[in-house]
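Asker:
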Amino acid sequence: MTYRTTVSGRRTGPTGSLLTATAIVVAAAALIGCSGSSSSDGRTEIKPYATIGELPEKLSADGTTIVVGDPAVEEKVHVLEDPRCPVVEEFEQAEGAAALRKLTLDRTVTTEYTFASFRDERIGGDGSKRAVNALRAALDEGRFAEYHQVLFDRRNGIGPRRDLTTGQLLSLADKVPGLRGERFDRAVRTMRHRDFVTASQQAYERFDSPDGPGTPTVAVNGRSVPDESSGVLYDASALEELVSASKWDFLLGG
Numbered sequence: 003m004t005y006r007t008t009v010s011g012r013r014t015g016p017t018g019s020l021l022t023a024t025a026i027v028v029a030a031a032a033l034i035g036c037s038g039s040s041s042s043d044g045r046t047e048i049k050p051y052a053t054i055g056e057l058p059e060k061l062s063a064d065g066t067t068i069v070v071g072d073p074a075v076e077e078k079v080h081v082l083e084d085p086r087c088p089v090v091e092e093f094e095q096a097e098g099a100a101a102l103r104k105l106t107l108d109r110t111v112t113t114e115y116t117f118a119s120f121r122d123e124r125i126g127g128d129g130s131k132r133a134v135n136a137l138r139a140a141l142d143e144g145r146f147a148e149y150h151q152v153l154f155d156r157r158n159g160i161g162p163r164r165d166l167t168t169g170q171l172l173s174l175a176d177k178v179p180g181l182r183g184e185r186f187d188r189a190v191r192t193m194r195h196r197d198f199v200t201a202s203q204q205a206y207e208r209f210d211s212p213d214g215p216g217t218p219t220v221a222v223n224g225r226s227v228p229d230e231s232s233g234v235l236y237d238a239s240a241l242e243e244l245v246s247a248s249k250w251d252f253l254l255g256g
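Residue numbers (this note's numbering): 3 to 256.
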């Protein structure tokens, strides 16, 4: 299977084919916050998080998804990824993913991550499952968002098509201050979070039965970007503007 090195608005499915369009859903609502100083006109001023290391992160109530960002924010961006998918790597390295991180830091959205691992069955190995397990272990240490960013950083020289090994995943963890330790290392080596890996894959499949929608898929508050407009996911300004309902119809034609 040959993949493009530059991807705009494509995703991979369980069959390994490139699917047209990552789905994104965006809706607008008033920004909600419970803390911060008051502005001169009496309105509450929401202070952004300074770094991704400050972002709150937790496991969803159903145990399938990792939630990052201010829990008081109503806008929910749901991201579905397989760690070994080359198109996911393209998305994470593009402007759109950087814009999504900024929106999360600014308390404009909360980002939810559900992880697939179908690439292991498609191309062999167990790297996707091991990576998802390691991401869940990073959550236990309060370092998921930082480790997630490191995992997809091309400068680390570990491409998604390769089978991610335990040694590689631990080496990447060295780049996140405070992550390595006896508990994290043991969780990575022993696949402590197998149940989460399975549950997250099943949640991915339920998102678009029977096999899942392909990765990456992004959804926000129930509205999908049409296939022909999915390139907005790779453009920072377009993705940011889609958080406004008034911009939705203008950018996507209804």
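The beta carbon of each residue, even a glycine, is placed where N, CA and C say it ideally should be.
In this text the structure is predicted, and so the values were computed from the model without any measurement.
So, residue 137 versus residue 54, is the Cβ gap smaller than 8 Å?
Answerer: Position 135 of the sequence shown, counting from 1, holds the residue named residue 137. Position 52 of the sequence shown, counting from 1, holds the residue named residue 54. No, the pair does not count as a contact, with Cβ atoms beyond the cut-off.
Asker: How long is the line joining the alpha carbons of residue 180 and residue 159, rounded to whole angstroms?
Answerer: Counting from 1 along the sequence shown, the entry for residue 180 is found at position 178. Counting from 1 along the sequence shown, the entry for residue 159 is found at position 157. Distance between the alpha carbons of residue 180 and residue 159 is about 22 Å.
Asker: Let me check understanding here. Comparing Cα to Cα, which of 233, 51, 15 lies closest to residue 87?
Answerer: In the sequence shown, the residue the question calls residue 87 occupies position 85. Of 233, 51, 15, the residue nearest in Cα terms is 15.
Asker: Have a look at residue 117 and residue 202 and give me their C-alpha separation to the nearest angstrom.
Answerer: Stepping through the sequence shown from its first residue, residue 117 is reached at position 115. Stepping through the sequence shown from its first residue, residue 202 is reached at position 200. So the two alpha carbons sit approximately 5 Å from each other.
Asker: Verify whether the separation of the beta carbon atoms of residue 134 and residue 102 is less than 8 Å.
Answerer: For the purposes of this step, residue 134 is identified with residue 132 of the sequence shown, where counting begins at 1. For the purposes of this step, residue 102 is identified with residue 100 of the sequence shown, where counting begins at 1. Cβ atoms of residue 134 and residue 102: not closer than 8 Å.
Asker: Is the beta carbon of residue 168 less than 8 Å from the beta carbon of residue 121?
Answerer: Numbered from 1 along the sequence shown, position 166 holds the residue referred to as residue 168. Numbered from 1 along the sequence shown, position 119 holds the residue referred to as residue 121. Not a contact, by the Cβ cut-off of 8 Å.
Asker: Please identify the residue among 73, 98, 75 whose C-alpha is closest to the C-alpha of residue 81.
Answerer: Taking the first residue of the sequence shown as position 1, residue 81 is located at position 79. That would be 98, whose Cα lies nearest to the Cα of residue 81.
Asker: Checking 8 Å against the spacing of the C-beta atoms, do residue 141 and residue 61 come in under that value?
Answerer: Here residue 141 refers to the residue found at position 139 of the sequence shown. Here residue 61 refers to the residue found at position 59 of the sequence shown. The answer is yes: Cβ separation under 8 Å.
Asker: Would you mind reading off the limits of the beta strand (DSSP E) that contains residue 115?
Answerer: Along the sequence shown, one-based indexing puts residue 115 at 113. Per DSSP, residue 115 belongs to the beta strand (DSSP E) from 112-117.
Asker: Could you give the DSSP three-state label for residue 195: helix, strand or coil?
Answerer: Numbered from 1 along the sequence shown, position 193 holds the residue referred to as residue 195. Looking at residue 195 - three-state DSSP - the assignment turns out to be coil, as it is neither helix nor strand.
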